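Shown next, in structure tokens, is the structure this report addresses.
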Amino acid sequence: MTYITKPRLHHPSLTKNKVGYTRRDYEGKVSTLCAGCGHDSVSAAIIQACWELDIEPHRVAKLSGIGCSSKTPDYFLGASHGFNTVHGRMPSVLTGANLANRDLLYLGVSGDGDSASIGLGQFAHAMRRNVNMVYIVENNGVYGLTKGQFSATADKGSKSKKGVVNQDSPVDLVGLAMQLGASFVARSFSGDKEQLVPLIKAAIGHGGAAFLDVISPCVTFNNHAGSTRSYDWVRQHNEAVSRIDFICGRAEITASYAPGEVVDVEQHDGSVLRLRKLHADYDPTDRVAAMASMQAHAARGELITGLLYLEAEAGDLHAAQHTSRRPLNSLGRAELCPGAAVLERINAGFR
Ligand SMILES: Cc1ncc(C[n+]2csc(CCOP(=O)(O)OP(=O)(O)O)c2C)c(N)n1
Ligand code: SF4
Ligand SMILES: [Mg+2]
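Numbered as in our numbering, the sequence shown ends at 351 without a single skipped number.
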């Protein structure tokens, strides 16, 4: 089942983007996830965002861990580079690949089990190092692949399908990412494509660690009454702080809104995030206020979504480490081994 490929032929009149690809060129294999799984909607949103941004598929490296969510890179961007790592180890493999070749666009896809349980340490260090990547957690509150145990993001007091009550406090990945220094933090819902697609585009345009927590219901093990990750619960408790329009650096800006309703934030690559604030007092550039607002909403049982925090000009790991601008595999012998005198100078710098 896992190896079903889609027919490569498609209708010649399908619309092509600026780099000559149809939307179908951004698809992957046929999904083997349960029908209705939120993760498939996230894959569709990634496909849409990459097609609309005219990204050449071979410029993308998609990495994941283990879980239903981590299987999804097989179902989108079939012509991109891919690496399915060990459970919870995606962030370190992504960091290494990114350090070796900064020219690719790094997309990490993970689950709440993969990132908040076994991979929590890896998640934390990738965020605090501000690795230039899009990091998506498809958060369903359970270990879907291993049949529905509570994950570390399950809310205290929420019920499993069999009626067991979760006694543990949840790990809030959004709060952690903000506290650890991620420069782009957002939350969305797999069932809200209008919000999710622009957020993914904005995350791609961001130069630093862009973290997206996407509530993505598991229809098989966590979509019942008593769950706080079901479609019904999220629809009833979703409180959006902003809506985003993403405007590429090169594209003409045509949209306009009444003054006071919109904030434009320019990103390092010249693209513009046009934030339609739903809450006039919400300021996504103030980390402390964003964290306080998130906790206040959580205490009222609300799940806030939208772009929660943004530091548009954050330098990434490469800027901090002064790494090579060129991919390591393009360096010649003389650059990789500049001789004993250079080594002596480096060693002297440590004395
Ligand atoms: C080292 C290791 N420990 C445990 C497992 C078993 N395991 C596979 S997937 C998984 C959890 C997946 O949950 P999550 O990341 O939330 O993904 P989902 O299936 O819910 O999308 C676990 C515990 C494993 N594969 N490897
Ligand atoms: S078990 Fe849950 S998470 Fe896994 S594919 Fe099915 S619905 Fe999705
Ligand atoms: Mg999960």
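Built from N, CA and C at the ideal position, the CB exists for glycine as well.
All figures in this text were calculated on a predicted structure; none of them were measured in a lab.
- Relative to residue 165, the option among 141, 59, 234 whose CA is nearest is 141.
- Placement of the Cβ of residue 112 at a distance of less than 8 Å from at least one heavy atom of ligand 3 is found.
- The C-alpha of residue 345 is placed about 34 Å away from the C-alpha of residue 124.
- A straight line joining the alpha-carbon of residue 274 with that of residue 60 spans about 25 Å.
- Residue 106 is a Cβ neighbour of residue 63, given a cutoff of 9 Å.
- The count of Cβ pairs closer than 8 Å, one atom from the stretch 287-295 and one from the stretch 208-223, stays below three, leaving the stretches out of contact.
- If you draw a straight line from the Cα of residue 66 to the Cα of residue 24, it comes to about 26 Å.
- By alpha-carbon distance to residue 243, the top candidate from 192, 160, 235 is 192.
- Secondary structure at residue 165: strand, using DSSP grouped into helix, strand and coil.
- Using a cutoff of 8 Å, the CB of residue 50 does not count as near ligand 3, since none of the ligand's heavy atoms is closer than that.
- Nearest in C-alpha terms to residue 249, of all of 113, 225, 201, is 201.
- DSSP assignment within the stretch 54-106 yields the following whole alpha helix (DSSP H) runs of 4 residues or more, N-terminal first: 68-71, 90-100.
- In the structure shown, residue 264 falls within a strand segment according to DSSP collapsed to helix, strand and coil.
- Taken atom to atom, the span from the alpha-carbon of residue 309 to that of residue 296 is near 15 Å.
- Per DSSP, residue 173 is one residue of the alpha helix (DSSP H) stretching across 173-180.
- For residue 28, the CB contacts under 7 Å within the same chain, skipping 5 residues up- and downstream, are 74, 75, 76, 77, 78 in chain order.
- For residue 173, the CB contacts under 8 Å within the same chain, skipping 5 residues up- and downstream, are 112, 115, 116, 123, 137, 139, 153, 211, 213 in chain order.
- Looking from the CA of residue 225, the closest CA among 160, 56, 269, 208 belongs to 160.
- Of all residues, those with a beta-carbon under 5 Å from at least one heavy atom of ligand 2 are 33, 34, 37, 68, 144, 218, 219, 220, reported in chain order.
- Between residue 325 and the set 233, 101, 196, the nearest pair of CA atoms involves 101.
- No heavy atom of ligand 3 is found nearer than 8 Å to the CB of residue 272.
- The secondary-structure analysis by DSSP pairs residue 137 across a beta bridge with 110, 213.
- Here residue 307 carries a strand assignment [DSSP, helix/strand/coil].
- Runs of beta strand (DSSP E) with 3 or more residues, each lying fully within the stretch 319-347, are absent.
- CA-to-CA, the gap between residue 170 and residue 182 works out to about 20 Å.
- Taking the CA atoms as reference points, residue 22 sits about 6 Å from residue 15.
- Here residue 336 is exposed: its Cβ has fewer than 16 other Cβ atoms, across all protein chains shown, within 10 Å.
- A straight line joining the alpha-carbon of residue 303 with that of residue 234 spans about 8 Å.
- Residue 219 sits in coil when the DSSP states are folded into three classes, being neither helix nor strand.
- Considering only 299, 314, 70, 205, the residue with the shortest C-alpha distance to residue 270 is 205.
- Between residue 33 and residue 71, the C-beta spacing is below 9 Å.
- Residue 189 counts as buried, since at least 16 other C-beta atoms from the protein chains shown sit within 10 angstroms of its C-beta.
- Here residue 273 carries a strand assignment [DSSP, helix/strand/coil].
- Exclusion of the five residues before and after residue 43 leaves 28, 31, 72, 75, 76 as the residues of its chain whose Cβ lies within less than 8 Å of its Cβ.
- About 7 Å separates the CB atoms of residue 156 and residue 167; that is less than 8 Å, so the two are in contact.
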